[in-house]
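Enquirer:
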Amino acid sequence: MISWPFTATHLSVGEAIAEALDNLRVQRQRSMLALLGILIGAASIVAVLTTAHMAQQETLKMFSRLGVDMLNIHAMPADADATGVLDRTAVEQLPFRDSSVLAATPLNAEHDTVTAGRVSDTVGVAAVTESLARLMTLEMREGRFIAPFDADGLVAVVGVEAAEKLSAPGAPITPGARIAIKGYVFTVIGIVGPQPFTPLDALDVNDAVMIPLGGAGRVFDTPQPTSALVRLRPETDLDAAGRRISSLLANPTATLQVIKARDVIKSMNAQKVIHGQLLTAVGAISLLVGGIGVMNVMLMGVMERRREIGLRAAVGATPGDLGLMFLIEAAVLAFVGGVAGLVCGLLAALVTARLSGWTPSLALWVLPLGPGVATVVGLAFGIYPAIRAARLSPIEALRAE
Amino acid sequence: MQGLSTTGALSTMNVSPHGAAQHAVLSAPRAILEVRDLEKTYSAATRPVPVLRGVSFAIDNGSFCAILGPSGSGKSTLMNIVGLLDRPTAGSVCLAGETIDYDAADAAASRRNRLLGFVFQSFNLLPRLTAWENVALPLLYRGMPRGERKPLALAMLDQVGLSDRAEHRPAMLSGGQQQRVALARALVANPALVLADEPTGSLDSVTAAEVMALLRDLNRRLGVSVLMITHDRDLAGRCDRRIELLDGRIITDVTAP
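Chains as they are written, first to last, in the working numbering: chain Y, 1 to 401; chain B, 1 to 257.
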């Protein structure tokens, strides 16, 4: 049975902390080992929180550009033999037939082999209309996007990544270049992007070749679109809008699948939460190991400093004073580890940001958390050694060699 | 030592009901330490081992008393009990008029701080602290701020002739100097009684004589009582009083003329 022996203490905490720091300096090497666990624990927690914060900022940025009030309607074949399609006119009419729809664009996308000179590669191929550029706020790097007058013309807009893939030395993909898809030769009229990838997009425009929807029949099984991207008014009830739009687009060839941007964000977040939980678990285990390290160092300290403890008891230290001395030392030890962990965690988050191409950003509330959690761990694991010190018999302590 | 006579007067009331025969009521105020029927038995695995078997004596305020005896005679146990570091099996200890309750750890700590000063054979200085910080240690546990501790510690270092070594760490001091720092530490808090356990035991004979002379001098100058364990008959002969222990009993108790 362990009762709390800390009473009647009249030590100045400031002086006790100064002394604890002094002690850490003296037994630097051993302190270092104990600190390592605390450091890794605090660092992983700080890294997780900062990375999660930055990821959230990035997601927000991504969707503030695209908007969260988006739907992707996809036509699934109604039966195995047929191709599920949407009616192009019905899609283009959506803004006029449902007041919650701001814009709608039909498209058809798949992956195909595209050849440019001697280079050929598999990229996304999409049949789109001019309204895609506005709906997705596409930015042109060179040339122009598909326009209404392209009708079924043999022209193509190439995403930056796809352009890079298809370029050969001396034969870059620029406006005017020629590329072949399924035996048809298209003239490149523009290069688009880079565009932030959003999971709602039916295709990644950076890695795609886009041709006019009017000529889709040359490349695709059907000249009709198979998907529609719909932008809704902010605050629209997505479920209700999805049902209304589905009924407006309903046709016997297809079963309509409605994908909501919010659901995609939610599942993205869920994935992040899982990653975060994993790292947090690593952090927690490290902290546990670190805490045991602190306890070990403190127990060794109590053993080695028995004479000191005995002497302090002889000159009037109460058991509480002695316990508090070791408790403060454990807390200071862990705090130092926590500060080091904070620095390492932030560096790790910075590296992650650099590698992911994110803008580094910092949640201020993370700053006190690393050292704070570490100190709590130090206090928790310092209790047992502190009690040991407090309960040491002074004569046995003084007799120790 | 003003405060001591006050507590000494108090002891008249506390002690007299069961006062030992050799102490008349008149002499009671002068006793700084009264040990009565002290017994200590250690419980070993096979059978209990008695270490003290009924020890009684009283020490006058301001006297210098030696406790002699071979190892195993119980003198260290007696010292630990008087120093409130160990508890007796039976009997009572009255220190500066206060009867000791050995169950109260915090009260014992506070009494050690107020009433007792310890000097050890192995000095027991803290190596990380400077000389003056070592001397000031008892004041720390009195809750005195650092700024007030320093002048008191420096004054005490001056008393033991080490004012020029105040900022030195123990490792930079000779054995004799370390023991003098320890003496200053024992005395800095104005104790009623200094308990010295073989204070010259780890010093060469010249240094030992110097330290002994200093202890004697401080005893006279400051009026502090000293109880010293020794096995050196020469040293014991120079004390006011000599108590000799054998097998847990007092065999001689001689007061110098």
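Ideal Cβ placement from N, Cα and C applies to all residues, glycine included. Predicted model, so just to flag it, every value in this text is computed and none were measured.
Spatial neighbours of R408/Y within its chain, please: C-beta separation below 8 Å, excluding the five flanking residues on both sides.
Expert: Because chain Y in this structure spans residues 1 to 401, residue 408/Y falls outside the shown range and cannot be described.
Enquirer: For the beta strand (DSSP E) that contains D197/B, what are its first and last residues?
Expert: Residues 193-197.
Enquirer: Report the residue ranges of all beta strand (DSSP E) runs contained in full by the segment 70-100 of chain Y; include only those spanning at least 3 residues, in chain order.
Expert: If we require 3 residues or more, the beta strand (DSSP E) runs fully inside the segment 70-100 of chain Y come out as 70-77.
Enquirer: Looking at chain Y, which residues of the segment 27-42 of chain B have a Cβ within less than 9 Å of any of its Cβ atoms?
Expert: The residues in question: there are none.
Enquirer: Would Y42/B be called buried (16 or more neighbouring beta carbons within 10 Å of its own) or exposed?
Expert: It is exposed - the Cβ of Y42/B has fewer than 16 other Cβ atoms within 10 Å.
Enquirer: Okay, do the segment 61-80 of chain B and the segment 225-237 of chain B touch, 3+ Cβ pairs below 8 Å being the bar?
Expert: Verdict: yes, contact present.
Enquirer: Please confirm whether L322/Y and A334/Y have their CB atoms less than 9 Å apart.
Expert: Result no, Cβ atoms of L322/Y and A334/Y do not sit closer than 9 Å.
Enquirer: My output table needs one value for A109/Y: the three-state DSSP class, helix, strand or coil.
Expert: Strand, per DSSP.
Enquirer: From this set, S286/Y, F220/Y, V160/Y, I328/Y, which residue's C-alpha is nearest G193/Y's C-alpha?
Expert: Looking at the Cα atoms, V160/Y is the closest of the given residues.
Enquirer: Hey, quick one: how far does the beta strand (DSSP E) through E142/Y stretch, first residue to last?
Expert: Unbroken beta strand (DSSP E) run through E142/Y: 140-143.
Enquirer: My output table needs one value for E308/Y: the three-state DSSP class, helix, strand or coil.
Expert: Correct three-state label for E308/Y: helix.
Enquirer: Looking at the C-beta of L398/Y, does it have a partner C-beta in chain B at a distance below 9 Å?
Expert: Interface residue, yes.
Enquirer: Can you pull the chain Y residues whose beta carbon is under 7 Å from the beta carbon of A153/B, in chain order?
Expert: Here the premise fails: no neighbours, minimum Cβ distance about 13 Å.
Enquirer: Around the Cβ of I274/Y, are there at least 16 other Cβ atoms within 10 angstroms (buried) or fewer (exposed)?
Expert: Exposed is the call here.
Enquirer: Is G248/B near V194/B, with beta carbons less than 9 Å apart?
Expert: Contact: no.
Enquirer: On the three-state DSSP scale, how would you describe Q402/Y?
Expert: With chain Y running from 1 to 401 in the structure shown, residue 402/Y is simply not present.
Enquirer: Could you tell me which residues DSSP pairs with Y184/Y in its beta bridges?
Expert: For Y184/Y, which the question treats as bridged, DSSP gives the partners I181/Y.
Enquirer: If we require 4 or more residues per run, which alpha helix (DSSP H) segments fall completely within the segment 120-186 of chain B?
Expert: Runs found: 131-140, 146-159.
Enquirer: If you reduce the DSSP assignment to three classes, tell me which class C65/B lands in.
Expert: Correct three-state label for C65/B: strand.
Enquirer: Using 8 Å as the cut-off, can you tell me whether the segment 102-118 of chain Y makes contact with the segment 167-184 of chain Y, which would need three or more C-beta pairs spanning the two stretches below that distance?
Expert: Yes, the segment 102-118 of chain Y touches the segment 167-184 of chain Y.
Enquirer: Tell me whether L78/B sits in a helix, a strand or coil according to DSSP, three-state version.
Expert: Note: L78/B maps to helix in three-state DSSP.
Enquirer: Could you tell me whether the segment 72-83 of chain Y touches the segment 254-264 of chain Y, where touching means 3 or more Cβ pairs closer than 8 Å?
Expert: Yes, the segment 72-83 of chain Y touches the segment 254-264 of chain Y.
Enquirer: Taking DSSP as the reference, what is the three-state secondary structure of S393/Y?
Expert: Here S393/Y sits in coil by DSSP.
Enquirer: Quick one: residues in its chain with C-beta nearer than 6 Å to the C-beta of A330/Y, no 5 flanking neighbours on either side, listed in chain order?
Expert: The residues are V294, M298, G378, G382.
Enquirer: Any C-beta of chain Y sitting closer than 9 Å to the C-beta of A24/B?
Expert: Low confidence applies to A24/B: its pLDDT is 37, below 50, so where it sits in the model is not reliable, and the reading given next is rough at best. Chain Y, which has no Cβ nearer than 9 Å to the Cβ of A24/B, makes this no.
Enquirer: Does the Cβ of P138/B have 16 or more other Cβ atoms within 10 Å, making it buried, or fewer, making it exposed?
Expert: By the 10 Å Cβ count, P138/B comes out buried.
Enquirer: Where do the ends of the beta strand (DSSP E) carrying M136/Y lie?
Expert: No beta strand (DSSP E) holds M136/Y; DSSP gives it neither H nor E.
Enquirer: Determine whether the Cβ of L311/Y lies closer than 9 Å to any Cβ atom of chain B.
Expert: Output row for L311/Y: interface = yes.
Enquirer: In whole angstroms, what is the alpha-carbon distance linking W358/Y and G190/Y?
Expert: Taking the straight line from one Cα to the other gives about 27 Å.
Enquirer: For chain B, find out if any of its Cβ atoms is closer than 9 Å to the Cβ of V26/Y; answer yes or no.
Expert: Output row for V26/Y: interface = yes.
Enquirer: What does a CB cutoff of less than 6 Å around L245/B pick up in its chain, not counting 5 residues either side in sequence?
Expert: Within the same chain, L245/B has close Cβ partners G69, S73, G74, K75.
Enquirer: So what does T252/B bridge to, in DSSP terms?
Expert: Per DSSP, E244/B.
Enquirer: Mapping the DSSP letters down to three states, classify A58/B as helix, strand or coil.
Expert: Residue state, collapsed to three classes: strand.
Enquirer: Under 8 Å by Cβ, that's how I've got A78/Y and T255/Y pegged, so tell me the actual separation to the nearest angstrom.
Expert: 6 Å between Cβ atoms; contact.
Enquirer: Whose C-alpha, out of K40/B, L95/B, T77/B, is nearest the C-alpha of I59/B?
Expert: Here the closest residue by C-alpha is L95/B.
Enquirer: Of the choices Q257/Y, N251/Y, I245/Y, whose alpha-carbon is the least far from that of Q224/Y?
Expert: Q224/Y has its Cα closest to that of N251/Y, out of Q257/Y, N251/Y, I245/Y.
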